[in-house]
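Asks: Whatever position you read off the sequence shown (first residue = 1), add 608 for the numbering used here.
I'd like to ask some things about the structure below.
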Amino acid sequence: MLCLKQVCLFTLRRYQARTLCSDLLLSQINSCTHEDEVFSLVGRNKDRLSEKHVGIALNMLWQLQKKRPFLLRTSDYVRNHSQFLTLCILAENKVEQMEDEIIVDTLYSILRLSVEDHVSLAEVLVTEAWKRLERQVLHSVLHERLSLPALSKFALCLYKQHRHFSPIIGQVAHIVDVKLDSIQDIRILSVLMISISDVISESFRDRLLHKAEQLLEERDEIHLNYARRILQFLQNVKLRYRPLLEKCNRIFLKNASHLDIHGISHIFGLYEQLGFDNAEFCLIAKQLLTETIDDYYDPETFAKLFSALGPIAGSKVRERLLVTAAHMAEEFSNHQVLVILKTMQKMKCRNSHLLKKMTSVLHKNLDSYNVLQLIKLTQYLVVLRCHNLELFAKLKMLLLGFLKTSVIPADIAAIIRVLAMLPSFQVEEMIINKAAAVLPQCRLQHLNCMATALVKWNHHGQFHWQNSSELCAKLLQKLNDCGFQRLQKANNLNLLLEELTHVNGEWLEEVLNEEAMATCQRLIDQITWANVLPLSFFLIKTSHRCPALLDRIASVTVENIDKIHPSEIYFILFLFSALNYDPPDNEEFFKTCIQHLTSNFSHFETYHLVLLGRVLAVAGYFPPVLITTIFNVSFLSKLDAQLKVLPDTLKQRVHSSLMKLNRAVCLECPEFHIPWFHEPYCQRVFHNSTSRVNPLRQHIHRMLTEILGGSHYSRMSVFTPYYYEIDFECVLDINKKPLSYMAQNIPLDAVPGIHLRHDIKDGGRQALPPGAQRIALEFLDSRAFSKDYSRHLKGEPALKKRHLEMLGYQVVQIPHFEWNSMVLSTKGEQLEYLRRQLYGLQ
């Protein structure tokens, strides 16, 4: 008994000593301030390291690296150290004894230290974690072995290893699905969301979105990274969910001082992919990047700077960026060259010196680009008007090589699309055969790419083998048949609209349009509040006035107004305004939409409100709260600031919309007492515009001269008060006799052939003889009418007619289809038609 007691005491003392020693070693590892200290401890205590020591040591190595700036990290040194290999071997041997969270921490640490995914330790850790997760799912997810923080870290590891569709990700998603209501940390949720984004259903996706909204609302302080992950999730699931986008944007604005070039570049990239923009964020980013422009001197960060700042920079900063880019050209990687060229395209910058430098770098490295990169490169170079034929010849050779071996319809269509962009391209029969082979597998957007290329090649005579035209015609017919069949077989409106979003041009307008409309009408019962926006986009694009679809959109919108984001309401109103269509209960439709918009102005940027005001004005609506908001000095000052960071095309559109809204308010709502302040803008625009005089207008003018009895009785290209341009103007007295009005017009010196009425203000208006009438004769081309059989007058020309009548004109509109129908008529018949239009007015 005494002997047994002594043995027990000896064992206990030894265990206590070992525990004390182990705790001391653990404390020493946690106290290390440099990687060499960790390696020294590992080397001296190899035989005493437990699984916990090994895990803590590997985690400490990552923590020490993490504290350093990115460019000063020494991950290569750590990975190549002999004691790091020792730690990896020990960890691999002790993985089964590790606690769940130590396994996850160890996996996370080695991945952050850039250990390859296929290294045996990484594989062993994932396998062991997978086994334990399976047991957790099998028995009960409510019996928590792996905590939610550990689960999110493990999910992130799997995501970093590109295991997006792995069964283990499915098990993680299952646990998240069951425990979603208990997750109260946006950090944990945001990591889990991006990790499982590829294996979730639509309904689960929506639950995640609502949970994220809830957690973002509940916390005042949200870290930038959490908001970035939410955006990444939206990009992964290809969903532009405005409420979350706006919440994340507010977080970025609130924490802008913590953003660096990497964060700004990442956010801009996500915004671009999600089709979202925010002028306020652009202004802040512009200020931050301009202030620190001298800090970015290495190729990687400068490429990000060029991409982020270039499109929004002022002229001086922009020129400086271009000079620096040209100087750095030889240092850019393949990806960075793509970034520079893409940004040049976005900036509409054709700087020949920089383009020459970029093409020189491309020549050396073109063979190392993959097929998708080559497709993008070709597009950028063509748009930037590169004239390097040798480079294009090499691009052609590489693209044809990929085309021969490719079996993916999307890739084949994209290659054919960019081959059609190349200058002086001779079409090979192989291209036609390759296209024909994949037609039945193609989506509508792929068929659209190939149809556009074939029509272009055929039009320019780029087929040079025997029977080539016949072969091309047969292929086009087969392509059209495939498009019709795809539409006729469509049974899901959401999927159909997803494809139609990327279809445009002549093939849609001339071949597919009628069948596409018929298919949408067949699926009309599937129109919901969730898809009225893409359907509206499609109808706007096609200019097709389909009453059944428009009425359904209007009724769904009114019934679900609270579910539809205000920005989406704008596009729905744009559709009805542009097509000049009044749905049943038109007043209720517009009243409901306007009420929803005016109570949600905070969701709109300043320039969006201008565009909205213009759309409503075309439809004849002028909400007082919107008009007084826009025509306010503070608002217009803010608008001026935001315009500086908008793309040129959008900037011009906003300027034009503000002018047209100002004109509409002055003419239709004098009670607002809004002054006309766009005189200088209009003069500047019209002085810089090209003359619209063309052979057709000259022909009509000669006929009017013959009808009226002299050239001094009519004028061509006349500007009215408020700067409406009308094709032809004349004045008829009470007896329908023409009056000479040369004195009423003063030539606009800088624009030959254009005349300006001098009675801009009422005070200077020259009175006409009693009973006399100004006549505005307008020739309306195809853009003025809807593209369906009704050929209904669209909103803009209808508004112009309304305003010209307010200015005292009788308006004669000559539709292009009426005039063109007389192409074979005699001159006398054409004169008679014009005479009826002029004198047949009641």
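Glycine included, C-beta positions come from ideal geometry on N, C-alpha and C.
Within 10 Å of its beta-carbon, does Leu879 have 16 or more other beta-carbons around it, so buried, or fewer, so exposed?
Replies: In the sequence on display, residue 879 carries Tyr and not Leu. Tyr879 should be labelled buried.
Asks: Under the DSSP definition of a beta bridge, which residues are partnered with Ala1384?
Replies: Bridge partners of Ala1384: Glu1337 and Val1419.
Asks: Could you give the residue range of the alpha helix (DSSP H) that holds Met1038?
Replies: Note, Met1038: alpha helix (DSSP H), Glu1037 to Val1046.
Asks: According to DSSP, is Phe1327 part of a helix, a strand, or is it coil?
Replies: It is a strand residue.
Asks: Rounded to whole angstroms, how far is the Cβ of Ile869 from the Cβ of Leu913, which I believe are closer than 8 Å?
Replies: Going by Cβ atoms, the distance from Ile869 to Leu913 rounds to 6 Å, so yes, they are a contact pair.
Asks: Considering only the beta carbon of each residue, do Ile711 and Glu736 sit closer than 7 Å?
Replies: Yes. Within cutoff.
Asks: My output table needs one value for Pro1378: the three-state DSSP class, helix, strand or coil.
Replies: In this structure, Pro1378 counts as coil in the three-state DSSP scheme.
Asks: Name the one or two DSSP bridge partners that Leu1347 has.
Replies: Looking at the DSSP assignment, Leu1347 forms a beta bridge with Val1339.
Asks: DSSP state of Phe1071, grouped into three classes?
Replies: In the structure shown, Phe1071 sits in a strand (DSSP, three-state: E or B).
Asks: Can you tell me whether DSSP reads Ser1322 as helix, strand or coil?
Replies: In this structure, Ser1322 counts as strand in the three-state DSSP scheme.
Asks: Which value, in whole angstroms, describes the spacing of the CA atoms of Ser923 and Ala1375?
Replies: Approximately 49 Å between the Cα atoms of the pair.
Asks: Roughly how many angstroms separate the alpha carbons of Met1311 and Ile1235, rounded to a whole number?
Replies: So the two alpha carbons sit approximately 44 Å from each other.
Asks: Does the stretch 1055–1063 come close enough to the stretch 1015–1027 that 3 or more CB-CB pairs lie under 8 Å?
Replies: Enough Cβ pairs lie closer than 8 Å, so yes.
Asks: What residues in its chain sit with their C-beta under 8 Å from that of Leu897, if we drop five residues either side in the sequence?
Replies: So the qualifying residues of the chain are Ile869, Ile872, Leu913, Ala916 and Leu917.
Asks: For Ile892, I'd like the list of residues in its chain whose CB is within less than 7 Å of its CB, leaving aside the five on either flank, ordered along the chain.
Replies: Only Leu861 and Ala864 meet the Cβ criterion.
Asks: Straight-line CA distance for Arg958 to Leu1131?
Replies: Their backbone Cα atoms lie some 46 Å apart in a straight line.
Asks: At a cut of 8 Å, does the stretch 1004–1018 reach the stretch 1041–1053 through at least three beta carbon pairs?
Replies: The answer is yes - the stretch 1041–1053 touches the stretch 1004–1018, with three or more Cβ pairs under 8 Å.
Asks: I'd like to check one pair, Val1226 with Ser1264: are the Cβ atoms closer than 7 Å?
Replies: No, Cβ-Cβ distance for Ser1264 and Val1226 is not below 7 Å.
Asks: Straight-line CA distance for Gly1371 to Val1420?
Replies: Residue placement at Gly1371 cannot be trusted, given a pLDDT of 38 that sits under 50; what the coordinates show is reported in the next sentence. Roughly 27 Å between the two C-alpha positions.
Asks: Mind checking who Phe1393 pairs with in its DSSP beta bridge?
Replies: Phe1393 pairs with Leu1401.
Asks: Using only the alpha-carbon positions, how far apart do Val1339 and Ile1422 sit?
Replies: Going by the C-alpha atoms only, they are around 18 Å apart.
Asks: Between the stretch 1316–1324 and the stretch 1386–1403, do at least 3 Cβ pairs fall closer than 8 Å?
Replies: They do not touch, by the three-pair rule.
Asks: Suppose the cutoff is 8 Å on Cβ atoms and the five residues either side in sequence are ignored; what does the same chain contact list for Leu1143 look like?
Replies: Excluding residues within five positions, the ones whose Cβ falls inside 8 Å are Leu1101, Leu1105, Cys1128, Ile1135, Leu1157 and Ile1161.
Asks: Please classify His751 as buried or exposed, where buried requires at least 16 neighbouring CB atoms within 10 angstroms.
Replies: Its pLDDT being 49, under 50, His751 is placed unreliably by the model, and nothing is read from it.
Asks: Quick check: the stretch 898–906 against the stretch 1258–1273, are there 3 or more CB pairs under 8 Å?
Replies: Too few Cβ pairs lie closer than 8 Å, so no.
Asks: Hey, could you find the ends of the alpha helix (DSSP H) Arg993 is sitting in?
Replies: Element bounds for Arg993: n/a, residue is neither H nor E.
Asks: Determine the DSSP secondary structure at Leu1131, reduced to helix, strand or coil.
Replies: DSSP places Leu1131 in coil when its eight states are reduced to three.
Asks: Rounding to the nearest angstrom, what Cα-Cα distance links Ile920 and Glu1440 in this structure?
Replies: Using only the alpha carbons, I get a separation of about 55 Å.
Asks: With burial defined as no fewer than 16 other Cβ atoms inside 10 Å of the residue's Cβ, what is the status of Ile1238: buried or exposed?
Replies: Ile1238 should be labelled buried.
Asks: Just curious, the alpha helix (DSSP H) that Trp1284 is in, first and last residue?
Replies: Taken as a continuous stretch (DSSP letters only), Trp1284 belongs to no alpha helix (DSSP H), as it is neither H nor E.
Asks: Just to confirm my understanding: we take Leu715, look at its own chain, exclude 5 residues before and 5 after, and list those with CB closer than 8 Å. What are they?
Replies: Same-chain partners within the cutoff: Ala730, Leu733, Val734, Ala737, Phe762 and Cys765.
Asks: Look at the alpha carbon of Lys1097 and the alpha carbon of Lys1086, and state the distance between them as a whole number of angstroms.
Replies: The alpha-carbon atoms of Lys1097 and Lys1086 are separated by roughly 16 Å.
Asks: In three-state DSSP terms, what is Ser809?
Replies: Of the three classes helix, strand and coil, the one that applies to Ser809 here is coil, per DSSP.
Asks: Restricting to runs no shorter than 4 residues, where is the alpha helix (DSSP H) found entirely within the stretch 724–795?
Replies: Taking only runs of at least 4 residues, the alpha helix (DSSP H) segments lying wholly in the stretch 724–795 are 728–747, 756–768 and 775–787.
Asks: Using beta-carbon positions only, say whether Ala934 and His961 come within less than 7 Å of one another.
Replies: A contact, by the Cβ cut-off of 7 Å.
Asks: Are Arg740 and Asp708 touching if we call contact CB-CB under 7 Å?
Replies: Yes. Within cutoff.
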